[in-house]
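Here's the structure, in structure tokens; my notes come after.
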Amino acid sequence: MSLLPGAVAGSRLAADEQADGRAAHNRRRLVRRDLGFATMTVPALVSFFFFTIGPLIAVFYVSFTDWQGILSRPKLVGWKNYAKVFSDPTFWGAGQVTAIQVLVLVPVLTVLSFMLGYFVSLKPRFGGLLKVILFIPALISLPVKSMFFIAILAPTGILNGLLTSVGLGDWTTAWLANPQTALAWVILVDLWQGIGFNAVLFSARLGAIDPETFAAAELDGAGHWQRMWLIAYPISKSYFGVMAMLQFLWTLFGSAATILLLTNGGPDRATTTWSFLLYYKAFLSYQIGYSQAVGVVLIAVGLAGMAVILRLFRQDY
Amino acid sequence: MSAISPARRLRLPWYTYALAWTYAALLVLPLWFVLASSFKSNLEIFTHPLALPASLDLENFFEAWDRTEMGSAMINSFIVVGGSLLLTLLLAVPAAYGLARMRTKAGVVTERIFSSGMLVPGFAALVPTVLLAIALGLFHTRTFLILYFPATALPLTVLLLTQFMRTVPVELEESALLDGARRWQILRHIFLPVVTPGVATVTILNFLAFWNEYIFSMLLLGSDARVRTIQVAIPVLTSLTQTDYGILMAACFLAMLPTLLIYAVLQRRLEDALLQGAVKG
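These protein sequence lines are chains A and B, in that order. Per the working numbering, the first sequence starts with residue 2, numbered consecutively. Per the working numbering, the second sequence starts with residue 2, numbered consecutively.
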């Protein structure tokens with residue numbers, strides 16, 4: 002704490018300079034030592050950049066090209082693809098589907114997982130067995146999951162079979178081919194798979210809360226509902242935000258694969274999300290430039306959404 | 002985990018049990034449905050979807066095996082998954098060791114690169130990845146997947162392994178160095194025992210991710226039965242007009258078998274792995 006830094010610098014002693022020299026020497030040695038260790042990370046970094054960051058950057062480049070089909074040559078066309086994308090009703094339709102999917106799935110999934118996680122964290126009876134079951138969806142691959150939902154939801158599938166057998170034959174429909182129900186089922190399938198594993202994660206986080214915190218609340222007569230939302234939730238708010246954010250990114254970018262297998266984007270584009278549109282334009286209608294312009298929109302929306310979610314769930318103490 | 006004494010435990014109302022177990026039933030039922038349907042005909046599936054099968058005829062399994070050419074699909078899956086797991090470790094173990102021992106800012110920066118890498122959604126780069134495979138002349142080959150999968154798994158793998166490596170005290174390592182041990186000897190005798198559980202954790206995580214991966218495998222391998230993996234082979238059994246659900250479910254069951262077996266044998270370890278993997282993310 003000096004008011005006159007210049008004076009202090011001027012009165013430097015020789016010993017200090019010597020110490021500085023030693024520090025610089027140590028620093029050089031440290032850098033040389035680190036250089037050896039750094040080279041060990043090079044192969045991993047090269048692989049990571051070459052196969053994941055490189056292609057990600059290429060999305061931007063390709064979005065400015067006219068590229069008709071995977072095997073043809075690209076031609077730079079400036080903003081033409083973006084003009085096409087933004088004036089295309091299909092793009093805006095898909096935006097609407099994406100918005101519904103994200104706005105329904107992310108809040109519902111995160112809240113239900115949190116509640117189930119709270120339940121599991123209290124070690125209910127048979128909680129161990131419950132946890133084993135909750136892990137199951139994390140083990141099932143996307144094609145297998147999609148295939149058994151196809152079997153369940155097909156016109157002659159078990160859902161219609163069950164409805165018929167309890168006298169609700171009028172309700173039967175081709176669930177995935179009906180524009181009224183297809184998107185709902187795409188969302189439900191993700192819910193089915195997502196709640197279990199997210200709940201286990203929440204229970205691990207909530208299990209780390211000091212029981213004394215809850216005990217004090219109980220003396221004040223707080224029930225489970227209050228404990229859950231007035232104590233457990235504020236304590237784990239930022240964790241809640243991270244879970245919501247991951248689910249958001251996952252849904253926004255990754256929904257194409259499930260949709261491809263369940264509905265192929267139909268019926269009549271009822272389940273065509275931006276993610277599926279990207280896939281469809283690149284591989285089924287050979288407009289790669291258009292597809293990657295959608296990709297850039299997805300990346301922008303993803304970043305913006307991430308920022309909003311993290312902001313909303315900032316720990317406020 | 003907290004230990005709430007039973008005396009202090011607030012009783013959970015019955016309907017919370019009812020809701021939780023209803024969801025649990027919804028998770029288990031499809032598994033039962035897959036298994037039971039594997040032994041049934043379409044008609045039997047439709048009329049008695051959840052009943053025990055009338056006979057334990059294995060015909061659907063044989064039929065599924067033939068129609069998807071599952072023998073070669075399984076072999077392809079094992080080649081791709083095994084090769085990717087091996088390459089991941091070859092890249093990640095030295096990187097994690099280096100990262101754990103770096104003390105300058107460069108180490109912090111490198112670690113940050115990997116941790117932000119975990120937020121990169123692979124799907125965003127789907128199209129350029131396919132273009133890359135074509136440019137390298139590796140389109141429709143298993144080789145490309147074996148090179149590509151490790152890159153996607155590296156961020157998490159390196160970060161988890163680094164944490165394990167950090168538990169080895171620097172002093173222990175340095176005293177060994179003074180005693181004239183070589184670096185690789187240190188890696189083998191001091192690090193390997195500590196790091197083995199970490200390697201097991203990441204290998205389980207990566208096995209699940211690689212074995213279950215679908216969309217990149219489907220696009221990069223194509224439909225050629227000689228190279229396609231099991232996840233790519235299964236959807237071949239659906240058709241718009243006449244899907245034989247018994248056969249389809251038998252194929253699903255066979256594709257799930259390796260992961261279910263691993264879960265049965267390594268339940269605790271696999272649960273821990275999934276938790277650690279997700280908490281880092």
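Cβ coordinates follow ideal geometry from the N, Cα and C atoms, glycine included.
When the Cα of residue i is compared with those of the options, which residue comes out closest?
i	options	result
residue 128 of chain B	A:92, A:254, A:265 and A:176	A:254
residue 242 of chain A	A:167, A:187, A:227 and A:311	A:311
residue 276 of chain A	A:296, A:284 and A:270	A:296
residue 112 of chain A	A:308, A:286, A:238 and A:315	A:238
residue 47 of chain A	B:96, B:73, B:135 and B:24	B:96
residue 130 of chain A	B:108, B:22, B:243 and B:37	B:22
residue 52 of chain A	B:150, B:29, B:91 and B:157	B:150
residue 15 of chain B	A:181, A:74, A:225 and A:140	A:225
residue 201 of chain B	B:161, B:218, B:221 and B:227	B:161
residue 37 of chain A	B:107, B:225, B:43 and B:182	B:107
residue 304 of chain A	B:204, B:122, B:82 and B:31	B:122
residue 109 of chain A	A:244, A:55 and A:128	A:244
residue 86 of chain A	A:55, A:292 and A:313	A:292
residue 61 of chain A	A:290, A:41 and A:306	A:290
residue 135 of chain A	A:123, A:114, A:149 and A:155	A:114
residue 65 of chain B	B:152, B:195 and B:239	B:239
residue 195 of chain B	B:182, B:173 and B:183	B:173
residue 50 of chain B	B:32, B:67, B:218 and B:134	B:32
Report the rounded CA-to-CA distance for residue i versus residue j, giving the unit in angstroms.
i	j	result
residue 210 of chain B	residue 278 of chain B	11 Å
residue 275 of chain B	residue 203 of chain A	13 Å
residue 76 of chain B	residue 230 of chain B	8 Å
residue 194 of chain A	residue 153 of chain A	15 Å
residue 266 of chain A	residue 142 of chain A	20 Å
residue 180 of chain B	residue 132 of chain B	52 Å
residue 315 of chain A	residue 230 of chain A	16 Å
residue 117 of chain B	residue 236 of chain A	25 Å
residue 223 of chain B	residue 125 of chain A	47 Å
residue 59 of chain B	residue 247 of chain B	11 Å
residue 165 of chain A	residue 28 of chain B	23 Å
residue 325 of chain A	residue 121 of chain A	A question about residue 325 of chain A goes unanswered here, because the residues of chain A that appear run from 2 up to 318.
residue 213 of chain B	residue 177 of chain B	42 Å
residue 221 of chain A	residue 190 of chain A	40 Å
residue 105 of chain B	residue 35 of chain A	7 Å
residue 205 of chain A	residue 118 of chain A	8 Å
residue 197 of chain A	residue 77 of chain A	46 Å
residue 119 of chain B	residue 45 of chain A	14 Å
residue 225 of chain B	residue 146 of chain B	15 Å
residue 163 of chain B	residue 267 of chain B	23 Å
residue 227 of chain A	residue 234 of chain A	10 Å
residue 1 of chain A	residue 158 of chain A	Absent from the structure is residue 1 of chain A, since the part of chain A shown begins at 2 and ends at 318.
residue 268 of chain A	residue 298 of chain A	24 Å
residue 43 of chain B	residue 78 of chain B	29 Å
residue 189 of chain B	residue 154 of chain B	24 Å
residue 151 of chain A	residue 236 of chain B	11 Å
residue 48 of chain B	residue 272 of chain B	37 Å
Could you name the residues of the same chain whose beta carbon sits closer than 6 Å to that of residue i, not counting the 5 residues immediately before and after it, in chain order?
i	result
residue 264 of chain A	177, 183 and 272
residue 46 of chain B	38 and 246
Under 7 Å Cβ to Cβ from residue i, same chain only, skipping five residues before and after it: list those, please.
i	result
residue 232 of chain A	214, 215 and 218
residue 80 of chain B	143
residue 308 of chain A	none
residue 158 of chain B	89, 93, 203 and 207
residue 41 of chain B	54 and 247
residue 200 of chain A	114, 117, 118, 121 and 135
residue 260 of chain A	187, 266, 272, 274 and 277
residue 228 of chain B	77, 141, 142, 143 and 222
residue 101 of chain A	184
Skipping 5 residues on each side, what residues in its chain have a beta carbon closer than 8 Å to that of residue i?
i	result
residue 216 of chain B	124 and 127
residue 35 of chain B	250, 253, 254 and 257
residue 105 of chain A	188
residue 270 of chain A	91, 94, 95 and 98
residue 17 of chain B	none
Counting Cβ pairs closer than 8 Å, one from the region 238-258 of chain A and one from the region 172-186 of chain A, do we hit at least three?
no
Contact between the region 51-70 of chain A and the region 80-88 of chain A is defined here as three or more beta-carbon pairs at a separation below 8 Å; is this criterion met?
yes
Counting beta carbon pairs with one atom in the region 71-87 of chain B and one in the region 18-36 of chain A, are three or more of them shorter than 8 Å?
no
Report the residues of the region 259-284 of chain A with a CB closer than 8 Å to any CB of chain B, ordered along the chain.
261, 262, 276, 279, 280, 283 and 284
Three or more C-beta pairs below 8 Å linking the region 163-183 of chain B and the region 99-117 of chain B
yes
Please identify, using Cβ separations under 7 Å, the residues of the region 237-255 of chain A that lie next to chain B, in order along the chain.
247, 250, 254 and 255
Chain A contacts from the region 110-127 of chain B (Cβ-Cβ distance under 8 Å):
111, 114, 115, 118, 120, 121, 122, 123, 124, 125, 126 and 127
Positions along the region 170-187 of chain A whose CB lies within less than 8 Å of some CB in chain B:
none
The region 93-106 of chain B: positions lying closer than 7 Å to chain A by Cβ
93, 95, 96, 98, 99, 100, 102, 103, 104 and 105
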